[in-house]
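Enquirer: Here it is, the structure in full.
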Amino acid sequence: MEKPAAKNVWRHLLDIVLPHKKRFIVIVLIGLLSTGANLIEPLIYREAINDVAGLFVRQARVDTQEEMEDAPDPITHEIEKILVPQPPKQPHSKGTVAERTPGQAMNTLLWAVGLIFLVNGMGYALALVGENLNVRLSSKVEQGFLYSTFIHVLRLPLGFFSKRSSAAISKQVNQSEEVSAVVTGFSQKILPELISLVGILVIMFLQNVTLTLLAIAVIPVYLWIAIRSANKLEKGLSTYYDRWEDVYARMQDALTGIKTVKLSGAEQREADTLKRVSGEAYVEYIKRTQLGNSYIFWENTLTQVSSALVLGYGGYLTLEHKLTPGDVVMFVAYLDRLYSPIDSLTTLWVNLQQNIASISRAFRLLDSGAEEKQGANLEVKKGKIEFNQVRFHYGPDREILKGVSFTIEPGKITAIVGGSGAGKTTTVDLLMKLYEPTQGEILIDGENLALQSPSAVRRQIGMVAADGAIFRGTLADNIRYKVPAATDNEVMAAAIAAGMENTIRRLPEGLNTMVGESGMGLSVGERQRIQIARVLASRPKILIMDEATANLDFATEAEIKKTVEEIRKENTVILIAHRYSM
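Written as structure tokens, this is what we have:
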């Protein structure tokens, strides 16, 4: 990932965390306390093992004395063991285990078991609390990220969507899990594991520098393999996601156009195409999985090598009376705990690189410039429209409007007629502020459209597009989509004005009937009438109908004509068509 892109990712992540900083800090503190409990346990092991070893040292001394002296009477010997007070408990010295009586060793074991139970219980309890808080943090982060990204995407200029498939955009938006994984990984894993790693190294160095250096000798190789694997995974991540975006886009295209697929007899061809693109995606998946498996193999191998070195050299130091058996057991326990945070940190690092590379795609959406929402709140009174020398192009080699000028008077029906690609729809898209003119100006009631808020303009202009959408929900929900506060009576009036009486009577639940995705289950004409009703319910000052009656029968078209005639008495009406029929 390029440095500027990486900086943007961390900036966005910081923006996401700041609203939840208190919960984030609490989770980190709980993780540190849990880590502290984890560091204490090996010290308890050492004391318990050394005291048990001290019992054997004492027994060996007693056995040696008995061999040198006459064996005492067994009964007398047992009485002496009870009556003679136990010797004071001496501390273990470096490399030497002090003697312990059976009672002293048993007391130490009982204390050790109790402390281990207490320490582990506290650690598990803290981990449980931290995990529950982490789930809440994760949910808040995911929800917040999904909302902020989605609302930003909805505010992007229309031109942005003409260059990308909706499946690819949805995939970019749906990175909330990866974002929360990075945030919660820092709070619950990375910071506590770093503290754990430092704490273990400090304790090990204080006990024996040479053995500690031997224990960490393989760590540079371990880290080199981890970083190398992470870099390889990151380099291939863009290709990996591109392949899967192709798969999702192909599936969505086929399912969205299922009727066309069936009419064309293209089921097998679409399936074969999906098989090909998914095969390319799985090739990338196999490469990444094999690389991950290779990393795990070397990780386990190096861990075992380190353990063997510590056990071998630690055993030698014990024989040389430079370490006690408890010291060696403690070192082995710490070694296991040493590689656990290293393993966690390297795994987290690999996952972090993948997640960051993944979520950077979503953050690129956030870095895309949204529509300018600022501007005056235009109030359309008459509905007079003026285009003055308006020029517009979608690209340097694709100029659509070349110095267009015209005036549309209020209270009239104005038709913009022309062939495909003539710029009819582009003209009204400019009026709706879906695009901005390259040159010239557009006026409504004498007010420059460039200075007006897009939402204020669109609120007062109703447009029935040839490719308007029908959303999941009821017919009534679709009609009141532009005006959610519309009453049932207003919705019904708009539906009747759009010629939907037969549709309402045909459906068992009338306006409360649920419609499928993209209006599945409705005829083309019925979908068109829903869009007309949606616009009529908003009572627009300016009505634009872009091929709005192309899919209507003559009777319904005649009804729509009457409605348009009524509207144009107080409003401006613009008709877009290949040929004028109204």
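In the working numbering, the protein residues as written are 487 to 1068.
Backbone N, C-alpha and C fix where the C-beta goes; we use that ideal spot for every residue, glycine too.
Treat the numbers as computed from the prediction; the structure is a model and nothing was measured.
Ordered along the chain, which non-local residues of its own chain (more than five positions away) have a Cβ less than 6 Å from that of L805?
Expert: By one-based count along the sequence shown, residue 805 stands at place 319. Result list for L805: empty, nothing under 6 Å.
Enquirer: Tell me which same chain residues have a C-beta within less than 8 Å of the C-beta of V866, skipping the five on either side of it?
Expert: On the sequence shown, position 380 is the one that residue 866 refers to. Hits under 8 Å: I930, D931, Q946, I947, K1027 and I1028.
Enquirer: Figure out for me which residue from A712, R755 and V763 has the closest Cα to the Cα of R729.
Expert: Residue 729 sits at position 243 when you count from the first residue of the sequence shown. Of the candidates A712, R755 and V763, the one whose C-alpha sits nearest the C-alpha of R729 is V763.
Enquirer: Whole angstroms are fine: how far does the CA of E933 sit from the CA of T911?
Expert: Taking the first residue of the sequence shown as position 1, residue 911 is located at position 425. Taking the first residue of the sequence shown as position 1, residue 933 is located at position 447. Taking the straight line joining both Cα atoms gives about 22 Å.
Enquirer: How would you call L439, buried or exposed, if buried means at least 16 neighbouring beta carbons within 10 angstroms?
Expert: Shown here, the chain extends from 487 to 1068; a query on residue 439 therefore has no answer.
Enquirer: Indicate whether H506 and V627 have their beta-carbon atoms separated by less than 8 Å.
Expert: Along the sequence shown, one-based indexing puts residue 506 at 20. Along the sequence shown, one-based indexing puts residue 627 at 141. Against a cut-off of 8 Å, the Cβ pair of V627 and H506 comes out as a contact.
Enquirer: Give the single residue among Y610, N1057, N694 and Y633 whose Cα lies nearest to the Cα of S656.
Expert: For the purposes of this step, residue 656 is identified with residue 170 of the sequence shown, where counting begins at 1. Here the closest residue by C-alpha is Y633.
Enquirer: Rounded to the nearest angstrom, how far is the Cβ of I449 from that of I744, given a contact under 8 Å?
Expert: Nothing in the structure corresponds to residue 449, since the chain is present only between 487 and 1068.
Enquirer: Whose C-beta lies closer than 7 Å to the C-beta of I526 among residues of the same chain, with five residues either side of it excluded?
Expert: For the purposes of this step, residue 526 is taken as the residue at position 40 of the sequence shown. If we look at I526 and ignore the five residues flanking it on each side, its Cβ neighbours are V605.
Enquirer: Is R884 helix, strand or coil when you go by DSSP?
Expert: If you number the sequence shown from 1, residue 884 lands on position 398. Of the three classes helix, strand and coil, the one that applies to R884 here is strand, per DSSP.
Enquirer: Pull up the DSSP beta-bridge partners for M1031, would you.
Expert: Your numbering for residue 1031 matches position 545 in the sequence shown. Partner(s): V950 and L1061.
Enquirer: Between V969 and S1009, how many whole angstroms is the CB-CB distance? I'm expecting something under 8 Å.
Expert: Here residue 969 corresponds to residue number 483 of the sequence shown, with the count starting at 1. Here residue 1009 corresponds to residue number 523 of the sequence shown, with the count starting at 1. In fact, because the Cβ distance is near 25 Å, the residues do not count as touching under 8 Å.
Enquirer: Please report the Cβ distance between L887 and G909, rounded to the nearest whole angstrom; I am assuming they are in contact, meaning their Cβ atoms lie under 8 Å.
Expert: Sequence index remark: in the sequence shown, residue 887 carries index 401 (1-based). Sequence index remark: in the sequence shown, residue 909 carries index 423 (1-based). L887 to G909, Cβ: 5 Å. Contact.
Enquirer: Just list the residues that DSSP pairs M959 with in beta bridges.
Expert: Locating residue 959 in the sequence shown gives position 473, where the first residue counts as 1. Before going on, a small fix: residue 959 reads as Gly here, not Met. V1001.
Enquirer: From the DSSP output, in three-state form, read off I985 for me.
Expert: Stepping through the sequence shown from its first residue, residue 985 is reached at position 499. In the sequence as presented, Ile is not what sits at residue 985; that position holds Gly. Coil at G985, not helix or strand.
Enquirer: With I686 and L824 assumed to form a contact (beta carbons below 8 Å), what rounded beta-carbon distance in angstroms separates them?
Expert: For this step, residue 686 is matched to residue 200 along the sequence shown. For this step, residue 824 is matched to residue 338 along the sequence shown. Their Cβ separation, rounded to whole angstroms, is 5 Å, which keeps I686 and L824 in contact under 8 Å.
Enquirer: Name the residue from A862, L519, M1000 and L741 whose alpha carbon lies nearest to the alpha carbon of T960.
Expert: Residue mapping note: residue 960 aligns to position 474 of the sequence shown, counting from 1. For T960, the nearest C-alpha among the options comes from M1000.
Enquirer: Can you tell which of I871, M949 and V639 has its C-alpha closest to the C-alpha of Q1017?
Expert: What you label residue 1017 is simply residue 531 of the sequence shown in a count that begins at 1. Among I871, M949 and V639, the Cα nearest to that of Q1017 is on M949.
Enquirer: Between T893 and E872, how many whole angstroms is the CB-CB distance? I'm expecting something under 8 Å.
Expert: Within the sequence shown, residue 893 is the residue found at index 407, counting from 1. Within the sequence shown, residue 872 is the residue found at index 386, counting from 1. That belief holds up - the Cβ atoms of T893 and E872 are roughly 5 Å apart, short of 8 Å.
Enquirer: What is the DSSP secondary structure of V866, reduced to helix, strand or coil?
Expert: In the sequence shown, the residue the question calls residue 866 occupies position 380. Residue state, collapsed to three classes: coil.
Enquirer: Which runs of the alpha helix (DSSP H) fall wholly inside the segment 748-805 and span at least 4 residues, in chain order?
Expert: If we require 4 residues or more, the alpha helix (DSSP H) runs fully inside the segment 748-805 come out as 753-805.
Enquirer: In chain order, what are the residue ranges of uninterrupted beta strand (DSSP E) at least 3 long that sit wholly in the segment 616-657?
Expert: The segment 616-657 contains no whole beta strand (DSSP E) run of 3 or more residues.
Enquirer: Are the CB atoms of R1054 and I902 within a distance shorter than 8 Å?
Expert: Your numbering for residue 902 matches position 416 in the sequence shown. Your numbering for residue 1054 matches position 568 in the sequence shown. Not a contact, by the Cβ cut-off of 8 Å.
Enquirer: Grouping DSSP H, G and I as helix and E and B as strand, with all else coil, what is R1025?
Expert: Here the question's residue 1025 lines up with position 539 in the sequence shown. Reduced to three states, the DSSP call for R1025 is coil.
Enquirer: Below 8 Å on the Cβ atoms is my contact criterion, and I expect S673 with L623 to pass it. Report the Cβ-Cβ distance as a whole number of Å.
Expert: In the sequence shown, counting from the first residue as 1, residue 673 sits at position 187. In the sequence shown, counting from the first residue as 1, residue 623 sits at position 137. The Cβ separation is near 7 Å, so the contact holds.
Enquirer: Below 7 Å CB to CB, which residues in the same chain sit around H498 once its five sequence neighbours on both sides are set aside?
Expert: Position 12 of the sequence shown, counted from the start, is the residue given in the question as residue 498. Cβ within range, chain order: F849 and L852.
Enquirer: Per DSSP, what kind of secondary structure is R586 in: helix, strand or coil?
Expert: Within the sequence shown, numbered from 1, the residue matching residue 586 stands at position 100. Correct three-state label for R586: coil.
Enquirer: Considering only C-alpha positions, which residue in the set V1050, L719, R755 and G751 is nearest to R736?
Expert: Walking along the sequence shown from the start, residue 736 turns up at place 250. Nearest of V1050, L719, R755 and G751 to R736, Cα basis: R755.
Enquirer: For V814, collect the residues of the same chain with a Cβ closer than 7 Å to its Cβ; drop the 5 residues on either side in sequence, then sort them by chain order.
Expert: Start at 1 with the first residue of the sequence shown, and residue 814 comes out as number 328. Excluding positions up to five away in sequence, the list reads G800, G801 and T804.
Enquirer: Just the C-alpha distance for E885 and F510, rounded to the nearest angstrom, thanks.
Expert: If you number the sequence shown from 1, residue 885 lands on position 399. If you number the sequence shown from 1, residue 510 lands on position 24. Going by the C-alpha atoms only, they are around 52 Å apart.
Enquirer: Going by alpha carbons, who is nearest to V616 out of Y531, L515 and G589?
Expert: Start at 1 with the first residue of the sequence shown, and residue 616 comes out as number 130. Note on residue identity: the sequence assigns Gly, not Val, to residue 616. Closest by alpha carbon: L515.
Enquirer: Is there at least one non-hydrogen atom of the ligand PLP closer than 7 Å to the beta-carbon of V503?
Expert: In the structure on display, the ligand PLP does not appear, and there are no ligands present to speak of.
Enquirer: Let's test the definition: count the other Cβ atoms within 10 Å of the Cβ of E1052 and tell me whether it reaches 16, buried, or not, exposed.
Expert: Taking the sequence shown and counting its residues from 1, the one referred to as residue 1052 is at position 566. Exposed, since its Cβ has fewer than 16 Cβ neighbours within 10 Å.
Enquirer: So, for P879: in the same chain, excluding its five sequence neighbours on each side, which residues have a beta-carbon less than 7 Å away from its beta-carbon?
Expert: Taking the first residue of the sequence shown as position 1, residue 879 is located at position 393. A small correction: the amino acid at residue 879 is His; Pro does not occupy that position in the sequence shown. The residues are E885, I886 and T924.
Enquirer: With distances taken from CA atoms, which of I689, S652 and F647 is nearest P528?
Expert: Residue 528 sits at position 42 when you count from the first residue of the sequence shown. Measuring from the Cα of P528, the nearest candidate turns out to be I689.
Enquirer: In whole angstroms, what separates the C-alpha of E1056 from that of T746?
Expert: Residue mapping note: residue 1056 aligns to position 570 of the sequence shown, counting from 1. Residue mapping note: residue 746 aligns to position 260 of the sequence shown, counting from 1. Between E1056 and T746, the C-alpha separation is close to 42 Å.
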